[in-house]
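Residue numbers (the working numbering), protein chains in the order written: chain A, 3 to 254; chain B, 169 to 534.
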């Protein structure tokens, strides 16, 4: 089904990534390579470290051992590198995290104006274009509190895209939404995928995984248990743990 | 069968209007009825003579205590000393300078409060940055051809307002810096801020003022003197900024972690994140606490009388000692209380107005 748009360029590279919360070893020797244009879906039971892993990529979480390289920039203590990586990595959160004191448009132009020093006119034109793409240009002057959850999440996607990121991280983007709003958000994500964006999605939307993913990764207990292209992953899971998980979420 | 539209009838008379309200709120049962009558009796027996004393029997015009013959309040006393209550010992010929400074202050505040005035941002910036300089030049003089007025002559409501406005304007930014410092990840910054806050919060303001006026000069080399008012101002500002810091820290903690993360993920730097995202939301939550601190600060300024500065309360006490007017201290205390109340109540009302104006809609804590 999925026709890979992946190029040879390495976009995100995790090498022997390890992370602890105090004594607790949350990420154990994670190795992952994501090429430009690749779409990765990450699933697994709660507490398996999948969110923590993608949050390490833009340094919302600090890792203690191993290397993270994003678009040839190594992620280390150097604040300049962290800022450079954050400029190229967009992130969409489970709870949207829009800025409630700013209008939708102001939410979208804030980072381009202050981080990229883009002129306001240009930033607004670009924001309107992206709001058009997520199909809510008419809400531009409203406040986030006046929008539905699905609309808020689409604004959050547009807000990330306004920075022209090379990689998009999605941290359970549909799990806080009412069922009838999930589709409108997934549609936007699918469209983004067909345009060739490099994406890492933590999600349990298996339909989405089958449609767009180049690879599905299954995590449990802080490690990558299984990694395969979606057809094989769903029809022929290798590990017992993966089989159990799939049987549990696909039952209904 | 024909179906007729029923007319809408008014509710029974004992449910609405004055009678309905009385029944519902004051006389709904024997216990409440008795309570209403008893409380009402005490209220009336207290209020009637008070109002009579303050307004009806009061004497308003005259030049000396001989005008106060009717047995009510002697407002002649206040009227005769009004200049001192307002300006302290500020030379009479220079009172216009205080008036101009006051008019600019009130004018720009009204400008900011009214809903539809343009250029609020510029006015607010001028009020915070340019106004202190202008007000200082006006009050202190010694430049632009204005004769100098030493600070020990400042007094009355003028001094109270100087102390309060400087305290408020300086303690808020200092409090913000301290609160951010207390949350900092840098251990040295954090411990310096925690120590500062805990020391200043742990001592009474009176101690701070005594220290500022009596002890500090002992540490300075001989001959070097520091204006007493300035020392009191610094003491009050540092003291209140510690309280302010704790109010602000409370507000900062109420901002969801997701807001910090979203700002980080977009690549905003620390100060951009704080100034553009966190502070505007936190300040909105903190308005009641901040204004509470402002009101406390305003009233605390009256403590400067113990270090020999004549704020409006001290002026009132001095007036009570005047042999020509002995026996009218109730009037002067009431008048001072009224002045304090007017300013504090205005601040309280303005804060409620701000809270409403800054509300950007329901469910915005997502």
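A virtual CB, placed ideally from N, CA and C, is assigned to each residue, including glycine. Just so you know, these numbers come straight off a predicted model, no measurement behind them.
Taking a 10 Å sphere around the C-beta of residue 209 of chain B, we find fewer than 16 other C-beta atoms and assign the residue as exposed.
For the segment 102 to 131 of chain A, the set of positions with a beta-carbon nearer than 8 Å to some beta-carbon of chain B reads 102, 103, 112, 113, 116, 117 in chain order. The bridge partners DSSP lists for residue 35 of chain A are A:15. Within the DSSP secondary-structure output, residue 493 of chain B pairs in no beta bridge. The beta-carbon of residue 162 of chain A is placed less than 9 Å from the nearest beta-carbon of chain B. Residue A:218 holds the alpha-carbon nearest to the alpha-carbon of residue 230 of chain A among A:78, A:159, A:218. Remark: C-beta atoms of residue 480 of chain B and residue 328 of chain B approach each other more closely than 9 Å.
Here the C-alpha atom of residue 343 of chain B lies approximately 59 Å from the C-alpha atom of residue 233 of chain A.
Between residue 424 of chain B and chain A, the shortest Cβ-Cβ separation is below 9 Å.
Residues are counted here when their Cβ sits less than 8 Å from a Cβ of chain B; for the segment 87 to 101 of chain A these are 88, 89, 91, 92, 93, 95, 97, 98, 99, 100, 101, given in chain order. Secondary structure remark: continuous beta strand (DSSP E) runs of at least 3 residues inside the segment 69 to 154 of chain A, in chain order: 91 to 94. By the criterion of at least three beta-carbon pairs nearer than 8 Å, the segment 28 to 44 of chain A is in contact with the segment 202 to 213 of chain A. Interface annotation for the segment 48 to 71 of chain A against chain B: 60, 62, criterion Cβ-Cβ distance under 7 Å. When 9 Å is used as the limit between beta carbons, residue 445 of chain B is near these residues of chain A: 101, 103, 104, 112, in chain order.
The C-beta distance from residue 132 of chain A to residue 105 of chain A rounds to 15 Å, too long to fall under 8 Å, and the pair is not in contact. Within the model, the alpha-carbon separation for residue 447 of chain B versus residue 287 of chain B is close to 22 Å. Cβ-Cβ separation between residue 227 of chain B and residue 236 of chain B: approximately 5 Å, consistent with a contact (criterion under 8 Å).
In this chain, the alpha helix (DSSP H) harbouring residue 358 of chain B covers 355 to 369.
Taking the CA atoms as reference points, residue 226 of chain A sits about 13 Å from residue 49 of chain A. Nearest to residue 262 of chain B by C-alpha distance, out of B:318, B:433, B:439, is B:318. Between residue 398 of chain B and residue 419 of chain B, the C-beta gap is not smaller than 9 Å, which leaves the two residues out of contact. The alpha helix (DSSP H) runs lying completely inside the segment 413 to 440 of chain B and spanning 4 residues or more are 425 to 433, given in chain order. Contact between residue 13 of chain A and residue 37 of chain A holds: their C-beta atoms lie close to 6 Å from each other, under 8 Å.
Residue 323 of chain B is bridged by DSSP to B:478. Checking the DSSP bridge columns, you'll see residue 225 of chain A partnered with A:222. Between the beta-carbon of residue 112 of chain A and that of residue 444 of chain B there is about 6 Å, and that keeps the pair under the 8 Å contact cut. Boundaries of the alpha helix (DSSP H) harbouring residue 244 of chain A: 242 to 252, taken from the DSSP string.
Measuring C-alpha to C-alpha distances from residue 35 of chain A to each of A:116, A:160, A:202, A:224 identifies A:202 as the nearest.
Looking only at A:249, A:97, A:117, the smallest Cα-Cα distance to residue 437 of chain B is reached by A:117. Within the DSSP secondary-structure output, residue 230 of chain A pairs in a beta bridge with A:218. Residue contact with chain B for residue 13 of chain A: absent (no Cβ-Cβ distance below 9 Å to any residue of chain B).
For the set A:238, A:189, A:20, the Cα lying nearest the Cα of residue 223 of chain A is the one of A:20. Taking the C-beta atoms as reference points, residue 408 of chain B is found nearer than 9 Å to residue 339 of chain B.
Restricting attention to B:218, B:464, B:441, B:434, the CA atom closest to the CA of residue 373 of chain B is found in B:464. About 4 Å separates the beta carbon of residue 347 of chain B from that of residue 413 of chain B, a gap short enough to meet the 8 Å contact definition.
Close to residue 85 of chain A, with beta-carbon spacing below 8 Å, are these residues of chain B in chain order: 435, 437.
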